[in-house]
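Residue numbers (the working numbering): 46 to 297. Think of the CB as a built atom: it goes at the ideal place given N, C-alpha and C, for glycine as much as any other residue. First the structure, in the form of structure tokens, and then the observations on it.
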Amino acid sequence: MSTVELSGKVALVTGASRGIGYGVAEALLARGDRVCITGRNEEALKEAVEQLGADRVIGVAGKAHDEAHQAVAVERTMEAFGRVDFLVNNAGTNPVFGPMADLDLNVARKVFETNVVSALGFAQQTWKAWQSANGGAIVNIASLAGVSASPFIGAYGMSKAAMINLTLQLAHEFAPVVRVNAIAPAVVKTKFAQALYEGREAEAAAAYPLGRLGVPSDIGGTAAFLTSEQSDWITGQTLVVDGGIFLNAGVS
46 MSTVELSGKV ALVTGASRGI GYGVAEALLA RGDRVCITGR NEEALKEAVE QLGADRVIGV
106 AGKAHDEAHQ AVAVERTMEA FGRVDFLVNN AGTNPVFGPM ADLDLNVARK VFETNVVSAL
166 GFAQQTWKAW QSANGGAIVN IASLAGVSAS PFIGAYGMSK AAMINLTLQL AHEFAPVVRV
226 NAIAPAVVKT KFAQALYEGR EAEAAAAYPL GRLGVPSDIG GTAAFLTSEQ SDWITGQTLV
286 VDGGIFLNAG VS
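Shown next, in the form of structure tokens:
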């Protein structure tokens, strides 16, 4: 049994069997929250629950874009913990690498369905189940690709730009009861982003003023802040967490 003093709060973190989502779950558990995590792979999800601590974590397997899965995840969270104060929309996909001129439109649709529409679906479910009457916070994991040109991952960048706008829309509509913010990371060392730095990490990191790529705990700590009382007067914002690389955008 965990010795961490419980906060009484509960979070639902999507796409959290590994990577950024797992790092977010770790950060929320460290401050005493209970957490439901989701993911596509049931075995990987079970392993993550065991690693995080099955006394305070449950897992619900399914595809993020599946409306039935969204409903079940929220229902299971309510059944297990009686509330869902925080939603962290982290589930995402980026199945294509190449120029926009050659982008398969069906792939583009899939990217938007998983990265944007699913986030809206989860937000609707948590709003109806708990947050509209009791308050809380939503954090959308966007990307630096959503605020800048991103060669060869254009569909992903477009979806993350849409997610940032979704953050604005929900922040406006859900106020004053629920705060909604986004995090826009640069490259974080995860399996999801491995192709962007594998075999050349030192070279990739050299472009960052802070001298390193991100790690999941960097984003986990930011999500913990944006769901804490310390951020009670922050909503509708996208916080860029990028090791300073965006500072180089105007440098020729």
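Check each candidate in the options and name the one with the smallest Cα separation from residue i.
| i | options | result |
| --- | --- | --- |
| E248 | S262, V232, K236 | V232 |
| V119 | E274, I82, P230 | I82 |
| L258 | T235, A174, A216 | T235 |
| D263 | V49, G60, I65 | I65 |
| E124 | K91, Q239, G104, A109 | G104 |
| Q115 | R154, Q169, F142 | Q169 |
| V192 | N210, E218, I183 | N210 |
| P261 | V58, R63, K54 | R63 |
| K91 | G107, K54, A182 | G107 |
| H217 | I279, N293, M203 | I279 |
| A109 | F131, T138, F126 | T138 |
| A268 | V225, A200, A251 | V225 |
| L132 | A164, E50, E87, N151 | A164 |
| P254 | A238, D277, G53, I290 | I290 |
| L215 | V102, V129, T283, A146 | T283 |
Residue i by DSSP, collapsed to three states: which one?
| i | result |
| --- | --- |
| F298 | Within the shown structure, residues of the chain are numbered from 46 to 297, placing residue 298 beyond reach of any answer. |
| I279 | coil |
| G199 | helix |
| A182 | strand |
| V285 | strand |
| G244 | coil |
| S297 | Unreliable positioning characterises S297 in this predicted model, as indicated by a pLDDT of 44, which lies under 50. The coordinate reading is nonetheless provided below. Reduced to three states, the DSSP call for S297 is coil. |
| M46 | Confidence is the limiting factor: at M46 the pLDDT is only 43, short of 50, which leaves the residue's position unreliable, though a coordinate-based value still follows. Note: M46 maps to coil in three-state DSSP. |
| N86 | coil |
| A61 | coil |
| G166 | helix |
| L51 | coil |
| L148 | coil |
| Y253 | coil |
| G137 | coil |
| G98 | coil |
| A70 | helix |
| A206 | helix |
| A109 | coil |
| S188 | coil |
| A220 | coil |
| S193 | coil |
For residue i, report the span of its alpha helix (DSSP H) as first-last.
| i | result |
| --- | --- |
| R224 | No alpha helix (DSSP H) contains R224, which is instead part of the beta strand (DSSP E) from 223–230. |
| I290 | Neither: I290 is in no alpha helix (DSSP H) and is coded neither H nor E. |
| M123 | 112–126 |
Starting from residue i and walking both ways along the beta strand (DSSP E), at which residues does that stretch end?
| i | result |
| --- | --- |
| I264 | Note, I264: premise wrong, no beta strand (DSSP E); alpha helix (DSSP H) at 261–271. |
| I103 | 102–106 |
Across which residues does DSSP place residue i in a beta bridge pair?
| i | result |
| --- | --- |
| A56 | V80, F131 |
| G143 | I198 |
| V156 | Beta-bridge pairing links V156 to no other residue. |
| V233 | G259 |
What do you reckon, is the C-beta of residue i under 7 angstroms from a heavy atom of the ligand NAP?
| i | result |
| --- | --- |
| A251 | The model on display carries no ligand, and the ligand NAP is accordingly not part of it. |
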